[in-house]
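Residue numbers (this note's numbering): 23 to 556.
What follows is one structure encoded as structure tokens, with my remarks underneath.
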């Protein structure tokens, strides 16, 4: 690198800073970016109040059920329509992240997925924010790249809070208040209030005049009206909380659409900072990586029975408990893999760029990645040994999937030595596919079904009912099957308690935003069970 990086204005980082100032603007003063609104911005600003209220009411305090699905679909639809009306074409990667957000949101109305929380909710929140900056093309490198962390900080904090007051500016514009749109909204609101007042007087009379189908419909409406009265205090609190959330949502989306507050992290500044970090000589990096690789080779060679006995389905001497053996292997893997990945990252970031091809550096990167892959395979075999002895649980399934992801990371590092690509983009793609697949395949039910199949086939000594409780409603089907086929009266009593417990839990969600298709099926099956067991 020559040490010259151009900024947006074309000035070089190595040039002497100019001391000229614009006439009328104090030296060093940064003028605020303008925010010119139009009718589309104002309509979207109003709609974000609705989104903010729905988020508080259906999502913020529960993160369960069809309420999350409805909010997610409404969120994606509103943003997509806003971008279309503003003439901003969505990028290809934007469609990918839109699909990820929608599919994850749909999973809430299908399954409880207790074993995936809080990771599913955190994933949905982050992808919903990332979708906006990606769809509007406000990523630092215009695509998912190795600067994903900075893009995330920009989308989660910088852009929304830099534009936090833009919603108020949109709605308080004098032009908006004077125009017909503002008068129309006030007129419509007044009309709705009058209609509600008249309906409140007419509905009781209609209900007394008709005992047929309309009476049933009107009764539902009347009961809902009374429920709204009882919930008035909660609704007021939710409206208050919806105000800052709506401002955050509008600030994020409108800021990206207007390209306002999106240039905090500039590509040239980041490149300059990255180049300035390259201070380590290649000989230093070679020494560190070489000695660490030798240390791992000696350690693994001296611990061959410990590391590879799990491949043969055996425990090494001195380990009498499967759980301790498996957990020890997994936590060792996490620590070593984290150290190795951190070491590889620092080595590639801090070392000075060599002249021409540097095969020694590539070999050391590959060797350290291969050693990490070996440790991953060993730990995976230990976990398989543990599952074979005690059955499956989400606390055992998720570490296995995490190890698969770590293997992809190491494979990406090895491939990076031959091909040039963004490894973070590949990992974001793989991680998103894994998470969306997990959300839609109901892993809690898979875990409970796996244990039930093994117990009934005689390959599992006992059936752990506590795993069913952690699975929530997903364990009802396997519990009913084991209850019908087992002869263990103590186990049947435990299963019966669990089934009735899930019946009560699913009944609590009936008619609420926390309800889901899984809860509906649980209510049906537990009701049938109660009839036949009496």
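Just so you know, even glycine gets a beta-carbon here, dropped at the ideal spot from N, CA and C.
Residue range of the alpha helix (DSSP H) that includes residue i
i: residue 325; result: No alpha helix (DSSP H) contains residue 325, which DSSP labels as neither H nor E.
i: residue 260; result: 254 to 279
i: residue 416; result: 416 to 438
i: residue 542; result: 539 to 555
i: residue 466; result: 465 to 479
i: residue 63; result: 61 to 76
i: residue 303; result: Where residue 303 is concerned, there is no enclosing alpha helix (DSSP H), given that its DSSP letter is neither H nor E.
i: residue 182; result: 181 to 184
i: residue 82; result: It is not in any alpha helix (DSSP H) - residue 82 carries neither H nor E in the DSSP assignment.
i: residue 112; result: Unbroken run through residue 112: none, as it is neither H nor E.
i: residue 142; result: 141 to 157
i: residue 392; result: 381 to 412
i: residue 192; result: 188 to 193
i: residue 100; result: 88 to 107
i: residue 491; result: 487 to 493
i: residue 174; result: 170 to 175
Beta-carbon separation (whole angstroms), residue i vs residue j, contact threshold 8 Å
i: residue 122; j: residue 454; result: 5 Å
i: residue 475; j: residue 413; result: Rounded, the Cβ-Cβ distance is 10 Å, inconsistent with contact.
i: residue 522; j: residue 514; result: With a Cβ gap of about 13 Å, residue 522 and residue 514 do not count as contacting.
i: residue 163; j: residue 289; result: 7 Å
i: residue 120; j: residue 148; result: Between residue 148 and residue 120 the Cβ distance is about 14 Å, and since that is not below 8 Å, they are no contact.
i: residue 397; j: residue 355; result: 5 Å
i: residue 300; j: residue 372; result: 6 Å
i: residue 176; j: residue 254; result: The Cβ separation is near 40 Å, so there is no contact.
Same chain, Cβ closer than 6 Å to residue i, five either side skipped, listed in chain order
i: residue 555; result: none
i: residue 436; result: 388, 391
i: residue 544; result: 495, 498, 524, 528
i: residue 267; result: 74, 77
i: residue 273; result: 182, 185, 186, 188
i: residue 278; result: 154, 155, 158, 160
i: residue 46; result: Confidence at residue 46 is low in this model, with a pLDDT of 42, below 50, so the placement of that residue should be treated as unreliable; the coordinate-derived value is given next. There are no such residues.
i: residue 492; result: none
i: residue 178; result: 151
i: residue 535; result: 80, 87, 89
Outcome for residue i when other beta-carbon atoms lying within 10 angstroms are tallied against a minimum of 16
i: residue 86; result: buried
i: residue 50; result: The predicted model places residue 50 with a pLDDT of 44, which falls under 50 and marks its position as unreliable; any figure quoted below should be read in that light. That one is exposed.
i: residue 309; result: exposed
i: residue 109; result: exposed
i: residue 375; result: exposed
i: residue 111; result: exposed
i: residue 404; result: buried
i: residue 531; result: buried
i: residue 473; result: buried
i: residue 209; result: exposed
i: residue 249; result: exposed
i: residue 381; result: exposed
i: residue 260; result: buried
i: residue 27; result: At residue 27 the pLDDT is 33, less than 50, meaning the model places this residue with poor confidence; the figure from the coordinates comes in the next sentence. Answer is buried; the Cβ neighbour count reaches 16.
i: residue 362; result: buried
Own chain residues within Cβ distance below 8 Å of residue i, not counting five before or after
i: residue 465; result: 135, 137, 138, 416, 419
i: residue 193; result: 64, 67, 68
i: residue 434; result: 445, 448, 449
i: residue 94; result: 123, 124, 126, 127, 128, 130, 146, 150
i: residue 452; result: 427, 430
Same chain only: Cβ atoms within 7 Å of residue i, ignoring 5 sequence neighbours per side
i: residue 395; result: 429, 432
i: residue 223; result: none
i: residue 169; result: 162, 163, 292
i: residue 132; result: 538, 539, 540
i: residue 393; result: 315, 318
Residue i Cβ short of 7 Å to the ligand PLP heavy atom set
i: residue 139; result: As far as ligands go, the structure on display features none, and thus does not contain the ligand PLP.
Those runs of the alpha helix (DSSP H) which lie wholly inside the segment 503 to 531 and span at least 4 residues: The alpha helix (DSSP H) runs of length 4 or more contained entirely in the segment 503 to 531 are, from start to end of the chain, 511 to 530.
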